[in-house]
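Asker: Here's a structure for you.
2 protein chains.
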Amino acid sequence: MATKYLKMPNDESSSSSSSSSILIQVSETLPSLESVHDFLSSSSPGCGAVSVFVGITRNNFEGKVVTNLEYEGYTPMAIRELHAICCDARAMYPGVERLVAAHLLGDCPVGGASVVVGCNSPHRKEAMRCTEYLIDELKARVPIWKKEIYEGDEGSVWKENLEWREGRRRRVMAKENHV
Amino acid sequence: MATKYLKMPNDESSSSSSSSSILIQVSETLPSLESVHDFLSSSSPGCGAVSVFVGITRNNFEGKVVTNLEYEGYTPMAIRELHAICCDARAMYPGVERLVAAHLLGDCPVGGASVVVGCNSPHRKEAMRCTEYLIDELKARVPIWKKEIYEGDEGSVWKENLEWREGRRRRVMAKENHV
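Top to bottom, those sequences are chains A and B.
Numbered according to the working numbering, the first sequence spans residues 24 to 202.
Numbered according to the working numbering, the second sequence spans residues 24 to 202.
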């Protein structure tokens with residue numbers, strides 16, 4: 024869990040020639056919003072739009088009081104999948120120039136940020152649609168588990184941090200543990 | 024243009040009882056993204072989503088090279104309209120708890136941020152839809168002009184920073200100046 028990754032790869036699996044235009048991070052810290060914004064707005068003088076989404080730990084889930092979350096994942100695969108999602112996003116939204124996808128590992132208290140995605144583009148609709156695509160795909164595809172820790176005697180549950188959709192279940196990752 | 028406004032009003036024109044849940048700013052600086060995020064994620068333990076959009080000065084408009092923008096507005100009216108937009112947004116997206124709408128006045132070079140809007144909500148779709156609503160309405164309703172300054176002999180043009188839509192033209196604000 025202590026392994027940290029900060030990766031700004033070339034867009035190897037895309038036909039784009041741009042380099043260092045994707046920021047992927049899976050680690051025990053998230054990049055600051057200022058650094059995300061600086062990354063998304065740098066070297067893109069033709070882009071008028073930056074869109075960012077941040078996922079936050081909520082204090083409840085299905086009526087139970089959540090006090091803390093823990094995230095755990097197989098980091099190399101998570102990084103590969105985030106990179107693939109960014110390449111897919113660029114193919115779907117060709118105006119987008121730069122993309123960020125970062126996920127926290129480890130503890131995340133209520134109110135803390137666990138995930139940040141975003142992008143830039145010349146005009147705003149494309150940036151906002153692409154940001155929505157990034158977070159939807161991240162939730163659906165990235166192999167990161169979360170452990171919800173509940174107040175009192177409710178214990179905790181490890182869950183896939185995934186929103187499997189009909190027909191998309193390609194992996195089996197089930198891990199449940201009541202303490 | 025030197026006047027600065029930082030306003031966190033109660034939601035006077037809404038039926039919501041929450042206070043200090045709207046951050047409006049029209050001034051020669053924008054709030055930092057960290058402060059926007061801190062505002063949007065504070066005191067909202069039931070909210071799992073923060074969405075932010077930043078508008079950036081582009082280097083081109085209709086084939087002309089833009090070197091700089093200047094923004095000018097009647098600040099009290101701009102603040103009132105931003106506040107009204109936030110109240111409208113909350114009525115349309117009742118899960119949203121906190122909102123930000125800030126616009127720069129004065130100079131904004133290429134690559135600089137001129138506007139930031141955002142909100143939080145329990146789930147992500149509502150936050151992202153509401154953010155889109157905020158920037159669409161801001162562009163359509165807020166009385167702020169922009170002066171595009173072009174490279175070389177192309178001069179400059181004052182424009183409404185507005186996207187008038189069919190049937191919504193309630194004000195007449197036209198101001199054009201070729202230098």
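Note that CB positions come from ideal geometry on N, CA and C, so glycine has one too.
1. Give the secondary structure of A:Ser67 by DSSP, where H, G and I count as helix, E and B as strand, and everything else as coil.
2. If I measure Cβ to Cβ from B:Phe84 and keep anything under 7 Å in the same chain, skipping five residues before and after, which residues do I get?
3. In angstroms, rounded to a whole number, what distance separates the CA positions of B:Asn82 and A:Cys142?
4. Whose Cβ in chain A lies nearer than 8 Å to the Cβ of B:Gly71?
5. Please determine whether the Cβ atom of B:Lys182 lies at a distance below 7 Å from any heavy atom of the ligand ATP.
6. Does DSSP put B:Ser58 in a helix, in a strand, or in coil?
7. Return helix, strand or coil for B:Glu93, following the three-state DSSP convention.
8. B:Glu149 to B:Gly178, Cα distance in whole Å?
9. What did DSSP end up calling B:Leu122 once you bin it into helix, strand or coil?
10. State yes or no: is the beta carbon of A:Ile102 nearer than 8 Å to at least one beta carbon in chain B?
11. Taking 8 Å as the CB-CB cut-off, is A:Ser50 touching chain B?
12. Going by DSSP, what residue range makes up the beta strand (DSSP E) through B:Glu171?
13. Identify whether A:Leu128 lies in helix, strand or coil by the three-state DSSP scheme.
14. Check whether the Cβ atoms of B:Ser137 and B:Thr90 lie closer than 8 Å to each other.
15. Using a 10 Å radius around the Cβ and a threshold of 16 neighbouring Cβ atoms, would you call A:His146 buried or exposed?
16. Counting pairs of Cβ atoms below 8 Å between the stretch 120 to 130 of chain B and the stretch 89 to 103 of chain B, do you hit three or more?
17. Please determine, among A:Val180, A:Lys162, A:Glu174, A:Trp168, the residue with the shortest C-alpha to C-alpha distance to A:Val77.
18. Hey, could you find the ends of the alpha helix (DSSP H) B:Leu157 is sitting in?
19. Exposed or buried, what is B:Thr154 when buried is set at 16 or more other beta-carbons lying within 10 Å of its beta-carbon?
20. Taking 8 Å as the CB-CB cut-off, is A:Arg2 touching chain B?
21. Measuring alpha carbon to alpha carbon, tell me which residue in B:Ala107, B:Pro99, B:Val75, B:Ala125 is nearest B:Leu53.
22. Buried or exposed: which applies to A:Lys101, given that a residue is buried once 16 or more other Cβ atoms fall within 10 Å of its Cβ?
23. What is the DSSP secondary structure of A:Leu46, counted as helix, strand or coil?
Answerer: For this structure:
1. The answer is coil: DSSP assigns A:Ser67 none of H, G, I, E or B.
2. Cβ neighbours of B:Phe84 beyond the five flanking positions: Glu171.
3. Per the coordinates, the alpha-carbon of B:Asn82 lies some 18 Å from the alpha-carbon of A:Cys142.
4. Near B:Gly71 (Cβ distances below 8 Å), the residues of chain A are Gly78, Ile79, Thr80, Arg81.
5. By its list of ligands, the structure shown contains no ligand whatsoever, and the ligand ATP lies outside what it can speak to.
6. Collapsing the DSSP output to three states places B:Ser58 in a helix.
7. Here B:Glu93 sits in strand by DSSP.
8. One C-alpha to the other measures close to 42 Å.
9. Per DSSP, reduced to three states, the secondary structure at B:Leu122 is strand.
10. No, no contact with chain B.
11. No, A:Ser50 does not count as interfacial toward chain B.
12. Segment 167 to 173, the beta strand (DSSP E) holding B:Glu171.
13. Under the three-state reduction of DSSP, A:Leu128 is assigned to coil, being neither helix nor strand.
14. Judged by their CB atoms, B:Ser137 and B:Thr90 are not nearer to each other than the 8 Å cut-off.
15. With fewer than 16 Cβ atoms within 10 Å of its Cβ, A:His146 is classed as exposed.
16. By the Cβ test, the stretch 120 to 130 of chain B is in contact with the stretch 89 to 103 of chain B, since at least three Cβ pairs between them sit closer than 8 Å.
17. Closest by alpha carbon: A:Lys162.
18. DSSP places B:Leu157 in the uninterrupted alpha helix (DSSP H) bounded by 147 to 164.
19. B:Thr154 sits buried, since 16 or more C-beta atoms from the chains shown fall within 10 Å of its C-beta.
20. In the structure as shown, chain A starts at 24 and stops at 202, and residue 2 of chain A therefore has no counterpart that could be examined.
21. Each of B:Ala107, B:Pro99, B:Val75, B:Ala125 was checked against the Cα of B:Leu53, and the nearest Cα belongs to B:Ala125.
22. According to the sequence as given, residue 101 of chain A is Ala; it is not Lys. Counting Cβ neighbours within 10 Å, A:Ala101 comes out buried, since at least 16 surround it.
23. Taken through DSSP and simplified to helix, strand or coil, A:Leu46 comes out as strand.
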